[in-house]
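Participant: Here it is, the structure, as C-alpha coordinates.
In my numbering, the protein residues as written are 17 to 154.
Encoded structure:
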(Lines of atoms letter the chains of each structure in order from A and count residues from 1; the text may use other names and numbers.)
(Lines give C-alpha, C1' and ligand atoms only; values in the text may rest on other atoms or scores of the structure.)
Protein backbone atom coordinates (compact mmCIF):
# COMPACT_ATOMS: atom_id res chain seq x y z
CA UNK A 1 0.00 0.00 0.00
CA UNK A 2 2.91 2.32 -0.71
CA UNK A 3 0.71 4.37 -3.02
CA UNK A 4 -1.30 5.31 0.08
CA UNK A 5 1.66 6.12 2.35
CA UNK A 6 1.59 9.50 4.06
CA UNK A 7 4.86 9.30 5.97
CA UNK A 8 3.00 9.08 9.29
CA UNK A 9 2.69 5.48 10.43
CA UNK A 10 -0.35 6.10 12.63
CA UNK A 11 -2.28 7.69 9.74
CA UNK A 12 -1.30 4.85 7.42
CA UNK A 13 -2.43 2.31 10.04
CA UNK A 14 -5.75 4.13 10.39
CA UNK A 15 -6.26 3.99 6.62
CA UNK A 16 -5.52 0.27 6.57
CA UNK A 17 -8.05 -0.28 9.36
CA UNK A 18 -10.78 1.58 7.48
CA UNK A 19 -10.05 -0.35 4.28
CA UNK A 20 -10.09 -3.64 6.24
CA UNK A 21 -13.38 -2.71 7.86
CA UNK A 22 -14.94 -1.96 4.48
CA UNK A 23 -13.66 -5.30 3.13
CA UNK A 24 -15.05 -7.14 6.16
CA UNK A 25 -18.42 -5.45 5.74
CA UNK A 26 -18.49 -6.24 2.01
CA UNK A 27 -17.92 -9.90 2.96
CA UNK A 28 -20.76 -9.65 5.48
CA UNK A 29 -23.02 -8.32 2.74
CA UNK A 30 -21.97 -11.05 0.33
CA UNK A 31 -22.69 -13.76 2.90
CA UNK A 32 -26.08 -12.42 3.99
CA UNK A 33 -24.94 -10.88 7.29
CA UNK A 34 -25.32 -7.25 6.27
CA UNK A 35 -28.44 -6.61 8.29
CA UNK A 36 -26.75 -7.81 11.47
CA UNK A 37 -23.67 -5.63 10.99
CA UNK A 38 -24.80 -2.46 9.19
CA UNK A 39 -25.65 -0.51 12.33
CA UNK A 40 -22.32 -1.54 13.85
CA UNK A 41 -20.49 -0.36 10.73
CA UNK A 42 -22.21 3.02 10.87
CA UNK A 43 -21.36 3.43 14.56
CA UNK A 44 -17.76 2.32 14.03
CA UNK A 45 -17.25 4.67 11.10
CA UNK A 46 -18.73 7.61 12.94
CA UNK A 47 -16.40 7.18 15.91
CA UNK A 48 -13.30 5.95 14.11
CA UNK A 49 -13.17 8.45 11.27
CA UNK A 50 -13.77 11.38 13.60
CA UNK A 51 -10.73 10.38 15.64
CA UNK A 52 -8.72 9.64 12.53
CA UNK A 53 -9.71 12.88 10.84
CA UNK A 54 -8.78 14.92 13.90
CA UNK A 55 -5.36 13.30 14.16
CA UNK A 56 -4.69 13.62 10.44
CA UNK A 57 -5.76 17.27 10.40
CA UNK A 58 -3.45 18.00 13.33
CA UNK A 59 -0.56 16.35 11.43
CA UNK A 60 -1.31 18.38 8.31
CA UNK A 61 -1.22 21.54 10.42
CA UNK A 62 1.92 20.49 12.28
CA UNK A 63 3.84 19.78 9.07
CA UNK A 64 2.37 22.84 7.37
CA UNK A 65 1.02 20.81 4.49
CA UNK A 66 -0.56 23.16 1.94
CA UNK A 67 -3.58 20.88 1.41
CA UNK A 68 -4.56 20.99 5.09
CA UNK A 69 -7.59 23.18 4.45
CA UNK A 70 -8.73 21.09 1.49
CA UNK A 71 -8.30 18.00 3.68
CA UNK A 72 -10.56 19.43 6.40
CA UNK A 73 -13.19 20.30 3.80
CA UNK A 74 -13.07 16.78 2.35
CA UNK A 75 -13.41 15.29 5.83
CA UNK A 76 -16.42 17.48 6.57
CA UNK A 77 -18.03 16.40 3.30
CA UNK A 78 -17.46 12.72 4.10
CA UNK A 79 -18.98 13.16 7.55
CA UNK A 80 -22.07 14.70 5.93
CA UNK A 81 -22.39 11.70 3.62
CA UNK A 82 -21.99 9.34 6.56
CA UNK A 83 -24.60 11.29 8.51
CA UNK A 84 -27.00 10.87 5.59
CA UNK A 85 -26.61 7.09 5.75
CA UNK A 86 -27.08 7.16 9.51
CA UNK A 87 -30.30 9.17 9.12
CA UNK A 88 -31.62 6.81 6.43
CA UNK A 89 -30.90 3.86 8.68
CA UNK A 90 -32.59 5.50 11.68
CA UNK A 91 -35.66 6.35 9.61
CA UNK A 92 -36.07 3.20 7.55
CA UNK A 93 -33.90 0.50 9.05
CA UNK A 94 -31.59 -1.70 7.07
CA UNK A 95 -31.76 -1.47 3.30
CA UNK A 96 -29.35 -3.71 1.38
CA UNK A 97 -28.97 -1.16 -1.43
CA UNK A 98 -27.98 1.56 1.06
CA UNK A 99 -25.46 -0.76 2.71
CA UNK A 100 -23.88 -1.67 -0.61
CA UNK A 101 -23.83 2.00 -1.68
CA UNK A 102 -22.11 2.93 1.58
CA UNK A 103 -19.35 0.35 1.30
CA UNK A 104 -18.75 1.37 -2.33
CA UNK A 105 -18.69 5.02 -1.29
CA UNK A 106 -16.15 4.26 1.46
CA UNK A 107 -13.84 2.48 -0.97
CA UNK A 108 -14.14 5.13 -3.66
CA UNK A 109 -13.80 8.04 -1.26
CA UNK A 110 -10.83 6.62 0.57
CA UNK A 111 -9.03 5.65 -2.61
CA UNK A 112 -9.58 9.07 -4.17
CA UNK A 113 -9.02 11.09 -1.01
CA UNK A 114 -5.87 9.33 0.13
CA UNK A 115 -4.32 9.34 -3.35
CA UNK A 116 -5.19 12.98 -4.07
CA UNK A 117 -4.84 14.68 -0.71
CA UNK A 118 -3.39 12.60 2.13
CA UNK A 119 -0.29 11.41 0.27
CA UNK A 120 0.78 15.02 -0.17
CA UNK A 121 1.68 15.01 3.52
CA UNK A 122 4.57 12.61 2.85
CA UNK A 123 6.90 15.23 1.37
CA UNK A 124 6.36 17.64 4.25
CA UNK A 125 6.95 14.94 6.86
CA UNK A 126 10.15 13.91 5.08
CA UNK A 127 11.34 17.53 4.78
CA UNK A 128 10.58 18.19 8.43
CA UNK A 129 12.50 15.11 9.55
CA UNK A 130 15.44 16.02 7.29
CA UNK A 131 15.50 19.55 8.69
CA UNK A 132 15.35 18.20 12.26
CA UNK A 133 18.22 15.79 11.57
CA UNK A 134 20.30 18.56 9.98
CA UNK A 135 19.71 20.84 12.98
CA UNK A 136 20.67 18.15 15.52
CA UNK A 137 24.27 18.15 16.74
CA UNK A 138 26.28 15.09 15.68
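Every residue gets a Cβ at the ideal spot worked out from N, C-alpha and C, and that includes glycine.
Would you check if there are 3 or more beta carbon pairs closer than 8 Å linking the region 82-99 to the region 32-48?
Facilitator: no
Participant: Just curious, the alpha helix (DSSP H) that residue 104 is in, first and last residue?
Facilitator: 84-108
Participant: Could you pull out every residue in the same chain whose Cβ sits closer than 6 Å to the Cβ of residue 54, ignoring the five residues on either side in sequence?
Facilitator: 110, 115
Participant: Among residues of its own chain, excluding the 5 on either side of residue 45, which ones have a beta-carbon nearer than 8 Å to its beta-carbon?
Facilitator: 112, 115, 116, 119, listed in sequence order.
Participant: Return the residue from the list 52, 97, 134 that minimises the CA-CA distance to residue 122.
Facilitator: 97
Participant: Roughly how many angstroms lie between the CA atoms of residue 62 and residue 137, to the nearest whole one?
Facilitator: 24 Å
Participant: What first and last residue would you give for the alpha helix (DSSP H) that runs through residue 75?
Facilitator: 50-78
Participant: Determine, using beta-carbon pairs with one atom in the region 131-145 and one in the region 100-109, whether at least three such pairs fall under 8 Å.
Facilitator: no
Participant: Since residue 91 contacts residue 30 with CB under 8 Å, what's their CB separation in whole angstroms?
Facilitator: Not really, about 12 Å apart at Cβ, beyond 8 Å.
Participant: CB-CB under 8 Å to residue 126, same chain, minus the five flanking residues each way: which ones, in chain order?
Facilitator: 31, 34, 35, 38
Participant: Quick check on the burial criterion: 16 or more other C-beta atoms within 10 angstroms. Buried or exposed for residue 131?
Facilitator: exposed
Participant: Along the chain, where does the alpha helix (DSSP H) containing residue 39 start, and where does it finish?
Facilitator: 25-46
Participant: Hey, would you say residue 81 sits closer than 7 Å to residue 20, going by beta carbons?
Facilitator: no
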